[in-house]
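Asker:
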Ligand code: SF4
Ligand code: SF4
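In the working numbering, the protein residues as written are 731 to 1121.
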């Protein structure tokens, strides 16, 4: 969105500060404010900064101004807690200021690598496009670009190129195959969804990927796209409808589809998995979907794993504390990203769980890095990895 499109929302904040904490339990909600401990980093402060930029009272070409705007994980916890408006539009405002900065040529150097990589190789990690399907090289999966399949599994950038996470897409497709799903992948023909480009203010790049994705997948004739990437999923669900191309297929997150397959009797999890786990709700699978946030399905899948015990963290479901990786923070501000994840790991450890389970590769990557950084003794998994152990 452009700054002009969000003008009305700039005046919808009373600076009451309710968004700083989780309603009723009074524990911190905003990673940015808590990390930097300055009003201008909290949601209300960011809205005030955006308003001053919009009114020409604060220069956007000032590094301190942009620093406040980029120090935001896009977790939407503030929007959830806002006492004035249900689902306040705080991140849309922040995203609009980022878009304005890009429009004015005030580019964040940390994002240049990502944007150049998108232009050259259709991914955000600077990796060769030809290696995109390597995670599935020995799996004998159908090539959805060559033959018609009922379901296309979309791995996304992180799961395609982070070898340490390859067990996630491999487990996901193993579960789909075990349930008899006719599944294929696009392999090297897969592209970024464009969601990260949108969040850091590159709306033109986002639109290019959204149009490409919709045209390509509409032409495949597959009825369903399944992804394990919560960022990608929310991009498909929330952002793609803003592009003027009809989506002729349904989109499911892996946890949503696995829950359906288990309840429909098609997927049977039979082996005991004696683990005590806590579940981290990814922001993009929860709050980013507003009132349609997916909170029950992941818990239902975990409860279907024989022998597994699920315990909850204090901040869970709509009130979950962010992993810290979102909205470009892990690329541009790793210190902030790791601190945020480290806070979450402490909360996970306090439950007595031996493992933290999530449903987004960006969360999983950042938690693994934070566990190393802070020496936290807790295992990190995706739900598909845990469920696959029960096959
Ligand atoms: S989206 Fe998250 S990090 Fe950004 S201002 Fe809101 S609560 Fe803070
Ligand atoms: S709770 Fe809502 S109105 Fe109050 S300071 Fe936060 S964003 Fe502004």
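No residue lacks a Cβ here, since even glycine has one placed at the ideal position from N, Cα and C. These numbers come from a predicted model, not from an experiment.
Among the candidates 880, 779, 852 and 905, whose CA atom is the shortest distance from the CA of residue 913?
Answerer: Your numbering for residue 913 matches position 183 in the chain shown. Of 880, 779, 852 and 905, the residue nearest in Cα terms is 880.
Asker: Helix, strand or coil, according to DSSP, for residue 803 in the structure here?
Answerer: Position 73 of the chain shown holds residue 803. It is coil, neither helix nor strand.
Asker: Drop a sphere of 10 angstroms on the beta-carbon of residue 744, count the other beta-carbons inside from all chains shown, and report buried for 16 or more, exposed for fewer.
Answerer: For the purposes of this step, residue 744 is identified with residue 14 of the chain shown, where counting begins at 1. Classification for residue 744: exposed.
Asker: Report the option in 947, 1118 and 795 whose CA atom is closest to the CA atom of residue 916.
Answerer: The count along the chain shown starts at 1 and reaches residue 916 at position 186. With distances taken between Cα atoms, residue 916 lies closest to 947.
Asker: Can you give the Cα-Cα distance for residue 737 and residue 831, rounded to whole angstroms?
Answerer: In the chain shown, residue 737 corresponds to position 7, counting from 1. In the chain shown, residue 831 corresponds to position 101, counting from 1. Using only the alpha carbons, I get a separation of about 16 Å.
Asker: If the criterion is Cβ atoms closer than 7 Å, does the pair residue 1089 and residue 985 meet it?
Answerer: Counting from one through the chain shown, the residue named residue 1089 turns up at place 359. Counting from one through the chain shown, the residue named residue 985 turns up at place 255. Yes. Within cutoff.
Asker: In three-state DSSP terms, what is residue 771?
Answerer: Translated into the one-based positions of the chain shown, residue 771 becomes position 41. Looking at residue 771 - three-state DSSP - the assignment turns out to be helix.
Asker: Counting pairs of beta carbons, one from the stretch 800-811 and one from the stretch 1049-1065, are three or more of them closer than 8 Å?
Answerer: As far as the Cβ criterion goes, the stretch 800-811 touches the stretch 1049-1065, which means the pair count is three or higher.
Asker: Tell me whether the beta-carbon of residue 905 lies closer than 7 Å to the beta-carbon of residue 1117.
Answerer: Numbered from its first residue, the chain shown carries residue 905 at position 175. Numbered from its first residue, the chain shown carries residue 1117 at position 387. Taking 7 Å as the Cβ cut-off, residue 905 and residue 1117 qualify as a contacting pair.
Asker: State the DSSP-derived secondary structure class of residue 840, mapped to helix, strand or coil.
Answerer: Locating residue 840 in the chain shown gives position 110, where the first residue counts as 1. Note: residue 840 maps to helix in three-state DSSP.
Asker: Flag residue 762 as yes when its Cβ comes closer than 6 Å to any non-hydrogen atom of ligand 1, and as no otherwise.
Answerer: Along the chain shown, read from residue 1 onward, the residue named residue 762 stands at position 32. Answer for residue 762: yes, Cβ within range of ligand 1.
Asker: Nearest CA to the CA of residue 932: which residue from 764, 820, 848 and 998?
Answerer: Within the chain shown, numbered from 1, the residue matching residue 932 stands at position 202. It is 848 whose Cα lies nearest to the Cα of residue 932.
Asker: So is residue 732 buried or exposed if we call it buried at 16+ other beta carbons inside 10 Å?
Answerer: On the chain shown, residue 732 is found 2 positions in, with the first residue counted as 1. Exposed is the call here.
Asker: Quick one: residues in its chain with C-beta nearer than 7 Å to the C-beta of residue 962, no 5 flanking neighbours on either side, listed in chain order?
Answerer: In the chain shown, the residue the question calls residue 962 occupies position 232. Around residue 962: 884, 886, 923 and 925.
Asker: How should residue 765 be labelled, buried or exposed, when 16 other C-beta atoms within 10 angstroms of its C-beta is the threshold for buried?
Answerer: Here residue 765 is taken as the residue at index 35 of the chain shown, counted from 1. Burial call: buried.
Asker: What would DSSP say about residue 990, mapped onto helix, strand or coil?
Answerer: The residue labelled residue 990 in the question sits at position 260 within the chain shown. Looking at residue 990 - three-state DSSP - the assignment turns out to be helix.
Asker: Alpha carbon to alpha carbon, how far is residue 921 from residue 796? Give it in angstroms, no decimals.
Answerer: Numbered from its first residue, the chain shown carries residue 796 at position 66. Numbered from its first residue, the chain shown carries residue 921 at position 191. Each residue's alpha carbon lies about 29 Å from the other.
Asker: May I ask you to report which of helix, strand or coil DSSP gives residue 1000?
Answerer: For this step, residue 1000 is matched to residue 270 along the chain shown. Residue 1000 falls in the coil class under three-state DSSP.
Asker: Taking the alpha carbon of residue 971 as the point to measure from, which residue in 998, 1013 and 1019 has its own alpha carbon closest?
Answerer: On the chain shown, residue 971 is found 241 positions in, with the first residue counted as 1. Ranking the options by Cα distance to residue 971, first place goes to 1019.
Asker: By the DSSP assignment, the beta strand (DSSP E) with residue 914 in it spans what residues?
Answerer: Numbered from 1 along the chain shown, position 184 holds the residue referred to as residue 914. Start and end: 913-915.
Asker: Ordered along the chain, which non-local residues of its own chain (more than five positions away) have a Cβ less than 8 Å from that of residue 1111?
Answerer: Taking the first residue of the chain shown as 1, we reach residue 1111 at position 381. Correct list, in chain order: 1007, 1085, 1086, 1087, 1088 and 1094.
Asker: Is any non-hydrogen atom of ligand 4 found closer than 6 Å to the C-beta of residue 821, if you look at the structure I gave you?
Answerer: Of the ligands this structure carries, namely ligand 1 and ligand 2, none is ligand 4.
Asker: How is residue 1129 classed by DSSP in three states: helix, strand or coil?
Answerer: Residue coverage of the chain in this structure runs from 731 to 1121, which leaves residue 1129 outside it and unanswerable.
Asker: Taking the alpha carbon of residue 777 as the point to measure from, which residue in 786, 757, 751 and 821 has its own alpha carbon closest?
Answerer: For this step, residue 777 is matched to residue 47 along the chain shown. It is 821 whose Cα lies nearest to the Cα of residue 777.
Asker: Classify residue 787: buried if its beta carbon has 16 or more other beta carbons within 10 angstroms, exposed otherwise.
Answerer: Taking the chain shown and counting its residues from 1, the one referred to as residue 787 is at position 57. So residue 787 counts as exposed.
Asker: Going by the CB atoms, is the gap between residue 1113 and residue 1079 shorter than 7 Å?
Answerer: Mapped onto the chain shown, residue 1079 falls at position 349. Mapped onto the chain shown, residue 1113 falls at position 383. Taking 7 Å as the Cβ cut-off, residue 1079 and residue 1113 do not qualify as a contacting pair.
Asker: From residue 836 to residue 888, what distance separates their C-alpha atoms?
Answerer: The count along the chain shown starts at 1 and reaches residue 836 at position 106. The count along the chain shown starts at 1 and reaches residue 888 at position 158. Residue 836 and residue 888: Cα-Cα distance of roughly 27 Å.
Asker: Taking all protein chains shown into account, do 16 or more other C-beta atoms lie within 10 angstroms of the C-beta of residue 734, making it buried, or fewer, making it exposed?
Answerer: On the chain shown, position 4 is the one that residue 734 refers to. The residue is exposed, with fewer than 16 neighbouring Cβ atoms inside 10 Å.
Asker: By how many angstroms is the C-alpha of residue 966 removed from the C-alpha of residue 956?
Answerer: As a working note, residue 956 is residue 226 in the chain shown. As a working note, residue 966 is residue 236 in the chain shown. When rounded, the distance between both Cα atoms is 11 Å.
Asker: Report the partner residues of residue 955 according to the DSSP bridge assignment.
Answerer: Against the chain shown, residue 955 aligns to sequence position 225. Note: residue 955 sits in a beta bridge opposite 882 and 981.
Asker: For residue 1109, report the span of its alpha helix (DSSP H) as first-last.
Answerer: Counting from 1 along the chain shown, the entry for residue 1109 is found at position 379. That residue, residue 1109, is in no alpha helix (DSSP H); its beta strand (DSSP E) goes 1109-1112.
Asker: In or out: residue 768 buried (at least 16 other Cβ within 10 Å) or exposed?
Answerer: For this step, residue 768 is matched to residue 38 along the chain shown. Exposed, because fewer than 16 other Cβ atoms sit within 10 Å of the Cβ of residue 768.
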